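Asks: Heads up: the sequence shown begins at 1 in full-length UniProt numbering, then just goes up one per residue.
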Amino acid sequence: MQLDKLVRFHKAVGDATRMRIIAVLKKGPLHGQAIAHKLGLKPPTITHHMTKLREVGIVYQRRDGNTIYFYLDEPRLTKLANSILQLGQESEHPSADLEAEEKLKIVKNFFSLDGKLTQLPAQEKKRVIILAYMIQHLKRHHIYEEQELNSYIQKYCEDYATIRREWIMHHFIYRDGNTYQLNPEEMWPASF
């Protein structure tokens with residue numbers, strides 16, 4: 001799971017009113033007026049909080065005539081709540097069983113003699129090896145501005161946007177607005 005999704009989830013549920021809404025919806029679907037009545041709140045307040053819960057995907061709605069009922073997506077809530085316990089666990093990534101020599105061979109196959117990436121591998125396990133190879137010279141605990149990171153990537157490849165996106169998707173780096181920082185190596189997929 002991407003770190004930013006996990007952060008958004010915890011921000012959304014880290015509100016007392018939203019926790020109370022979740023508790024009420026655990027007993028079954030309700031419409032906004034009923035939730036407002038049970039919690040002693042005004043309907044616009046419920047609408048605001050329901051929007052936040054829907055954005056992270058733990059509440060969904062269904063219309064019955066003119067009434068909208070809200071449902072708690074308990075399996076998704078459970079998955080998101082438990083995902084924090086997965087941080088730092090050993091990855092079962094497909095590249096984990098490749099030997100060092102095989103990984104170096106893959107790197108040689110996808111980089112030209114001048115160190116430029118010829119293409120990003122389509123195969124996931126090879127792509128992770130290439131991404132890990134490219135990130136190895138970034139500084140730990142350093143916050144990179146987007147332009148600074150783009151310049152670093154351009155040493156290897158002109159398509160810096162794709163590489164940045166791949167690093168984020170594979171948990172190599174974390175994005176906060178226009179700044180980037182390496183994630184702890186424990187979060188990286190088993191790779192290079």
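No residue lacks a Cβ here, since even glycine has one placed at the ideal position from N, Cα and C.
Quick caveat: nothing in here was measured; it's all calculated off a predicted structure.
Expressed to the nearest angstrom, what Euclidean distance is found between the alpha-carbon atoms of leucine 113 and leucine 182?
Replies: Here the question's residue 113 lines up with position 113 in the sequence shown. Here the question's residue 182 lines up with position 182 in the sequence shown. Taking the straight line joining both Cα atoms gives about 27 Å.
Asks: Which same chain residues end up closer than 7 Å to proline 121 when comparing Cβ atoms and leaving out the 5 residues on each side of it in sequence?
Replies: Here residue 121 refers to the residue found at position 121 of the sequence shown. Within the same chain, proline 121 has close Cβ partners Phe110, Arg127 and Ile130.
Asks: Spatial neighbours of threonine 162 within its chain, please: C-beta separation below 6 Å, excluding the five flanking residues on both sides.
Replies: Translated into positions along the sequence shown, residue 162 becomes position 162. Excluding residues within five positions, none has a Cβ falling inside 6 Å.
Asks: Would you check if the distance between the CB atom of isoleucine 46 and the CB atom of leucine 77 is smaller than 8 Å?
Replies: Here residue 46 is taken as the residue at index 46 of the sequence shown, counted from 1. Here residue 77 is taken as the residue at index 77 of the sequence shown, counted from 1. The answer is no: Cβ separation not under 8 Å.
Asks: For the region 53 to 72 against the region 36 to 45, are there 3 or more C-beta pairs whose distance is under 8 Å?
Replies: Output reads no: the region 36 to 45 does not touch the region 53 to 72.
Asks: Assuming leucine 3 contacts tyrosine 174 (C-beta within less than 8 Å), just tell me the rounded distance between them.
Replies: Along the sequence shown, one-based indexing puts residue 3 at 3. Along the sequence shown, one-based indexing puts residue 174 at 174. About 5 Å separates the two Cβ atoms, so the contact holds.
Asks: Could you pull the start and end residues of the beta strand (DSSP E) that glutamine 61 belongs to?
Replies: Working through the sequence shown from its first residue, we reach residue 61 at position 61. Residues 59 to 64.
Asks: Given that a residue counts as buried once 16 or more other Cβ atoms are within 10 Å of its Cβ, and exposed if not, what is residue 202?
Replies: Any answer about residue 202 is impossible in this case: the structure gives the chain only from 1 up to 192.
Asks: Taking the beta strand (DSSP E) that isoleucine 68 falls in, what are its first and last residues?
Replies: Working through the sequence shown from its first residue, we reach residue 68 at position 68. Element bounds for isoleucine 68: 67 to 72.
Asks: Rounded to a whole number of angstroms, what is the C-alpha to C-alpha distance between threonine 51 and glutamate 148?
Replies: Counted from its first residue, the sequence shown places residue 51 at position 51. Counted from its first residue, the sequence shown places residue 148 at position 148. Their backbone Cα atoms lie some 36 Å apart in a straight line.
Asks: Hey, quick one: how far does the beta strand (DSSP E) through leucine 53 stretch, first residue to last?
Replies: Your numbering for residue 53 matches position 53 in the sequence shown. Counting along the chain, leucine 53 falls outside any beta strand (DSSP E), though it belongs to the alpha helix (DSSP H) covering 43 to 55.
Asks: Which of the three DSSP states is assigned to histidine 170 in this structure?
Replies: Against the sequence shown, residue 170 aligns to sequence position 170. Coil.
Asks: Looking at the structure shown, is threonine 78 part of a helix, part of a strand, or coil, going by DSSP?
Replies: Working through the sequence shown from its first residue, we reach residue 78 at position 78. Helix.
Asks: Please work out which residues of its chain come closer than 6 Å, Cβ to Cβ, to tyrosine 144, disregarding the five sequence neighbours upstream and downstream, and give them in chain order.
Replies: Within the sequence shown, the letter at position 144 stands for residue 144. Only Tyr180 meet the Cβ criterion.
Asks: Would isoleucine 68 pass as a contact of glycine 32 if the rule is Cβ separation under 8 Å?
Replies: Walking along the sequence shown from the start, residue 68 turns up at place 68. Walking along the sequence shown from the start, residue 32 turns up at place 32. Cβ atoms of isoleucine 68 and glycine 32: closer than 8 Å.
Asks: Just grab the DSSP bridge partners of phenylalanine 9 for me.
Replies: Counting from one through the sequence shown, the residue named residue 9 turns up at place 9. Phenylalanine 9 pairs with nothing; no bridge assigned.
Asks: So, residue 255 versus leucine 72, is the Cβ gap smaller than 8 Å?
Replies: Residue numbering for the chain in the displayed model covers 1 to 192; residue 255 lies beyond these limits and cannot be assessed.
Asks: Given a threshold of 16 other Cβ atoms within 10 Å of its Cβ, counted over all protein chains shown, does histidine 49 qualify as buried or as exposed?
Replies: Start at 1 with the first residue of the sequence shown, and residue 49 comes out as number 49. The residue in question, histidine 49, is buried, as its Cβ has 16 or more Cβ neighbours within 10 Å.
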